Every structure is written in structure tokens, then in C-alpha cells.
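Number of protein chains: 2
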Amino acid sequence: MANVYTALATPNIAFVKYWGKRDGKLNLPNNSSISMTLSEEKLNTTTSVAFSAKLTEDVMFINGERQDIASPAAAEKSKFIQDILSLMKERAGMREHALVVSQNSFPTGSGIASSASGAAALSFLLANALKLDMQQKEISVIARRISGSACRSMYGGLVKWQRGELDDGSDSYAFQIADKDHWPELMDIVAIVDPGKKKVSSSEGHALTMKTSELYEARPRTAERHASAIEDAIKRRDFNEMAYNIMKDSNNMHATMLDTWPPIMYLTDVSREIIYSVHELNTAAGENIAAYTFDAGSNAHIITTEKHEKDVMDMLKGMEAVRNIISARQGDGPRMLGDGDALITPEFLRLKGLEI
Amino acid sequence: MANVYTALATPNIAFVKYWGKRDGKLNLPNNSSISMTLSEEKLNTTTSVAFSAKLTEDVMFINGERQDIASPAAAEKSKFIQDILSLMKERAGMREHALVVSQNSFPTGSGIASSASGAAALSFLLANALKLDMQQKEISVIARRISGSACRSMYGGLVKWQRGELDDGSDSYAFQIADKDHWPELMDIVAIVDPGKKKVSSSEGHALTMKTSELYEARPRTAERHASAIEDAIKRRDFNEMAYNIMKDSNNMHATMLDTWPPIMYLTDVSREIIYSVHELNTAAGENIAAYTFDAGSNAHIITTEKHEKDVMDMLKGMEAVRNIISARQGDGPRMLGDGDALITPEFLRLKGLEI
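Residue numbers (our numbering), protein chains in the order written: chain E, 5 to 360; chain U, 5 to 360.
Structure (C-alpha cells):
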């Protein structure tokens, strides 16, 4: 059996959102964004790879399901994974085909996007397994091309994805603002709520409808302002200021979405209840002790500090529509795992009828 | 008993919204707006006035409740009504005090704002009762000062409130784009839904928080664009084009509200259901046959034409959260009523212990 390499990466929660691309093929954003890479206890993607002359094509499994990455009927995204795979193998002079097996450990139906951790795990894994001499920022460019915000999962702690100016995207990469020890008290409390109907996927929203928003013209510079303010606040560990800008940016992105045609609306009655409750909590405290932020989905992320974890938990526990609560801290970014964690095992190969 | 004068006015539904003032005292808007004045069967305000030397001060009742308009503790808005009353009496050389009695005929708990019809009825009534030689556009300026959008209720049919440029507000008045006979098929189907919690009044929103929106800078010129497009579409009776701009403007205003600090959120899960359903209806029809629009409240207004009334009704009837449906057509604007409709009657005076 061929050598198996395994890596793990985790999702990130955006403090400043990525919404609107200046290049859809390269995933080049209209604005910089900032996020916190989450700790791995509950939310992570593990990916294994092996290269073998016994394979007749590159093969990929996600959560046990074989993916069509090579046929003409494959989804754009899947074809793109094949492109990245081919590109990195070529760079390493690897002629054998790859078997990639990826598994997300997210709670079933949590509605948390696995694309960032998945793309980060794959990029990091390939760079290491193929012994490519790549800087982390180069790997983040690969991850970005697979799934924009994945580039931020290439680092632990608090991370900025700078917009960049170049048309080839080489300066649109992520870097670490601070590692997790800089501000270890930070937490992301994720309230999992019923998803309801989601009418537009986030990728469609990015690519097709964003330009129809008449307010969008003000979004990129607004997001840059939030990003600068948050970067400064992180350096000073100023939670009050950071929280304000996190909430402002979430509202700003969802406002822009509402203004697109047709409108995109992710905020529900539960979201409104959470938003108003966080405002009440902060008003009662006399400063911002918690910040809500919503991605393109129904779950709420409440950013807070250890000191106020209980306040946030008590607030959420009173809400009927909250089905589950997951607490995460800052993570370390992607790392290689040992053989004990490999997903490509003799049993897996037997089950799938594969030989490597 | 002194002479009693009585007038009636109706609310209007904005096709382009008024949100954001350049002068809060004069109610001068940042953008022009357009509305349809509603017919009077179900939604109207009737107001009576009498002047009498037997009164020791100006007295006002709204829906049977005495209003404090003169004491130092009176609300700003009430004091302002007193100012307008004093000003118009002075202009007419009227030395006697006024008794004003106003009644809204809106269904209880309908959550439909009565401020526009109330202010329009009062301004129109005073101008007529005091025999002031005022042009209708001058009266609309008075109505505007009491409650911004009331100036649009000074005319029947389809009405534009032009922003104006002057600091004194004399060119910020309403005029009729077309009377109700130009496009008689137009309807407003109002879906009354549970209001839920309303955390910020529309007046507070206008005055205090609008400036905190980082997207707001794009709102005034966007609204002007919608207003021009709708004015043109009205002239051509182009429902498809008008409907598009009505929906765009509603979403645009609510997006701006969401972006203010703290965020203002009037759209609920029911609103989202209605929005998506109207989009489905229009997609199925291959053109816009209905347009949703939401004010600063939970009710939905569906603008459509007679031909598609049933489609809209069927759509709304399937929704559990819709408590009541009111259909309105275009109205004629304010008019004087006869003695039989007077609200100041011997019985009323006896009940309230007043003499005139």
C-alpha cells in the first residue's frame, strides 16, 4: 500500500465579510476580510491523500461519497479541484494518480459551511504530501482559488485576507494578525437554528446578483474601514471596538444582499431576536461584551470572551428556535496528522473496491 | 353652538419611500417620493373643527382621547400641531380658540399609520374652515411640516413629493402625477400581519440613526432614480417597469435601515414569505404582475391591477400569519364633508363637558 498523508484544518468565522468578487475565476474579492480560525474539537475537516500507479484516474471522496471531479458532467467546483490537483502534481513531478478522502466532523445538519476547512485541508495536505517548497501565503492562494474564504483557514488565530491589487491574484493572500495566544479569551458561540428555505447559494449571490445592488458601490470601502478598525482593535485587544465593527459589518453585508435583485435574505425572525438580544446585553453592560455575526446561512455566531460566555449562553438558552449550541475557541490552523488518523485504510480501500 | 367644519383624508402608500431628512424641523426629505392615495371605504381620517370664544384654550381629541397640545409637557409633535393651529388662525385673523376632533376609521390593530391622513385632513380642514386663500401645494407644505408623507395625501391618484432645493422648504411640496382615472385598475392589497415588537419608531429612525448607515450615502440618488422611473412608468401605464422599481425601492430602504446603528428591522419571516411568493408569482407570469412594498411596520402592501387581484388574494390566503386583508383603490384626496358627518355634535360636547 502506498504512503498515506493526512491533514486537518478548521473553518473560520468572518469578522469582516467576503461578499462580491472582482474576479470570479480567481476568487479575487472586492474587499479585504478578517476572521478567527476556529478550534478543532467539534468543527474540522480531515483529509488524506495517497498517490499510486494502480489508480487509473484521480479519485476523491467527501464524507464517504465519491465525487465526480473529472468527467465532462462534473460540477464547476469539482473540475476546479481536479485542476488544482493536476497543477500541484505537475509542479512536484508526480505522475501517479491521487486518492483523496475527506471527512467533515461537523454536527449533522449544523448548516456550517465546510468549504473553507475542506479547501484549506486539501491545499495544505497536497503542498506537504508532494513536498512542494511553498510558503504558507502561497498555499493560501491555492486555497483561495478553491474556495475564497478558505485562504483564511491557512493560519491559526486571527487572520486577514488582503484584497490585493494585481490581476493575477498573487497579492490576494491571507496572513496572521495575531496567533491564538495574543487574545486567548476570545470565543465563537455558534447558535444552530433551523435553516428554513435557502433560495440562493452564496456562490450564486457572489457571482450573479451582487452587481444589481444599488447600495453595493459603498460596500467595498465600508468593509475596508471595518477591516482596518478590527485589525487595530485586535492589536490593542479592544473588544468593545472590535465587536462594534463585527456587528456593523454583518449588518452591512446582509443589507447589501437585501438590496440585490432578486433580494437575498438570510436573516430570520430568530436572527432578529438574537440581534436585539445582543444589543440589550451590551446596553445593560454599558459596553459591547458580545457581537453577533451571520454568514450566508441561518446560524448565528456570537463572538465574546470567556468572561461573558455564561451571559451569552443564558441568552441563547431562552430561545426556542436554537436547536444546538457549539462553543469554539481560536485554533492553530492546518496541521499534519499521524497514521492513526488516516482516512485511507485497508478497510476503506476494501469497502470502496480500490487498490493503491 | 358655533359652526362646525368637517373634512376627510386618506392615507397613501409610498412607491418610493421617504427615509432620511435633510431638515428634521421642517421635514425636508433627502429624496423625492411617490405614492398612491388610497380610496376611503376602509381607511380614512375624519376631522372636525369649530372656533368658539367659550373655549379658554385650543383643544384637540384624537380617537376620543384628549391630546395635550399646549402644556410644557406636551410631546414635540403635539406642540407642533399647536404651532400650526396658531399660525393658521393668526393668518386668518381668528381670535377664538379651536376645538379639533379627529377620528381614524382604520381597523383596530391594523398597524397602518394614521399620521399621513390625520395631518392631511387637519391641514385641508383648517385652510377651508378659516377660508384661507391657499393653493393646494401650499396646504401640502403645511401637511408636510406636521408629518412628512402627509403632503402626498393632499391629492388623489398618483402623487409625487418633490424633494426641493430651498432651505425654507417652500419648494418641497406634493403634486399630482395622474388622477385616479388615468389608471383606474391599480389596487393596493394590504396584508395585515402580527406586528411583533417594534423597537424604533419611524420618526426616531429618520432623525437619529439614518446617519449611522454607511450605505445611506447611495440611498438618495437611488431613490431619485426609482422616482423618475416610476413617474415615467405611470405616464405610460407600464406596470411591469413600475412594479420592478417599487420592489427595488422597498428593499433599498429596508437595506439602509438594517445598516443603521442600532439596526432597524421591519421585515419578518412573513415579509420574506410574501416577498418570495410575489417573485414566484411574477416569474410564473413572465412579467411583474404584482409588487410588494413595506413601510416602517409589519404589514405588506401588494400593488397590483384588477386583473390580478385574485392571484394575489389566493397567494395571501394561503398564509397563516396574514390576519386580515384590505383592498384599496386610488382615492380622490381630501374633501369637505357635510354636517351629517361632523364629529363635533351636541352629544359629543355633553360627553366631554365642553361648550362652544
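All C-beta atoms in this analysis are idealised placements derived from N, C-alpha and C, irrespective of residue type, glycine included. Here the structure is a predicted model, which is why all the values come from computation and not from measurement.
Counting C-beta pairs with one atom in each stretch, the region 158-174 of chain U and the region 325-339 of chain U have three or more that are closer than 8 Å, which means they touch. Annotation: residue 110 of chain U is outside any beta strand (DSSP E) and is labelled neither H nor E by DSSP. C-alpha of residue 239 of chain E to C-alpha of residue 302 of chain E: approximately 30 Å in a straight line.
When DSSP states are grouped into helix, strand and coil, residue 164 of chain E belongs to the strand group.
Listed along chain E are 266, each with a C-beta nearer than 7 Å to that of residue 283 of chain U. For residue 331 of chain U, the three-state secondary structure derived from DSSP is strand. Between the region 15-27 of chain E and the region 35-55 of chain E, the count of C-beta pairs closer than 8 Å reaches three or more; the two stretches touch. The beta carbon of residue 263 of chain U falls within 8 Å of a beta carbon belonging to chain E, placing the residue at that interface. Assignment of residue 37 of chain E by DSSP, reduced to helix, strand and coil, places it in the strand class. Here DSSP, grouped into helix, strand and coil, assigns residue 190 of chain E to strand. Listed in chain order, the beta strand (DSSP E) runs fully inside the region 39-99 of chain E are 49-56, 63-66 and 69-71, counting runs of at least 3 residues.
Taken atom to atom, the span from the alpha-carbon of residue 105 of chain E to that of residue 245 of chain E is near 42 Å.
With contacts defined as CB atoms closer than 8 Å, residue 192 of chain E and residue 305 of chain E qualify as a contacting pair. For residue 298 of chain U, the three-state secondary structure derived from DSSP is coil. Rounded to the nearest whole angstrom, the C-alpha separation of residue 129 of chain E and residue 176 of chain E is 21 Å. Contact between the region 268-278 of chain U and the region 287-303 of chain U is established, with three or more Cβ pairs separated by less than 8 Å.
For residue 248 of chain U, the uninterrupted alpha helix (DSSP H) segment begins and ends at 243-262. In this structure, DSSP gives residue 7 of chain E a state outside helix and strand, which the three-state scheme calls coil.
The C-alpha of residue 146 of chain U is placed about 10 Å away from the C-alpha of residue 31 of chain U. Pairing residue 73 of chain E with residue 182 of chain U, the inter-Cα distance amounts to about 60 Å. Here residue 340 of chain E is bridged, per DSSP, to E:11.
Looking at the backbone, the Cα of residue 139 of chain E and that of residue 165 of chain E are separated by about 15 Å. Partner residues in the beta bridge of residue 101 of chain E, as assigned by DSSP, are E:56.
Rounded to whole angstroms, the gap between the alpha carbons of residue 328 of chain E and residue 317 of chain E is 11 Å. The three-state secondary structure of residue 308 of chain U, taken from DSSP, is strand. For residue 142 of chain U and residue 261 of chain E, the gap between their C-alpha atoms comes out near 40 Å.
Listed by position along chain U, the residues whose Cβ is nearer than 7 Å to that of residue 256 of chain E are 218, 219 and 263.
Counting along the chain, residue 236 of chain U sits inside the alpha helix (DSSP H) bounded by residues 223-240. Counting along the chain, residue 26 of chain U sits inside the beta strand (DSSP E) bounded by residues 25-27.
Looking at the DSSP output, residue 32 of chain U sits in a beta bridge with U:27.
One alpha carbon belongs to residue 281 of chain U, the other to residue 290 of chain U, and they sit about 14 Å apart. At least one CB of chain U lies nearer than 8 Å to the CB of residue 272 of chain E.
The Cβ neighbour count for residue 70 of chain E, taken over all protein chains shown within 10 Å, is under 16; the residue is labelled exposed. Taking a beta-carbon distance threshold of 8 Å, residue 319 of chain U does not count as an interface residue toward chain E.
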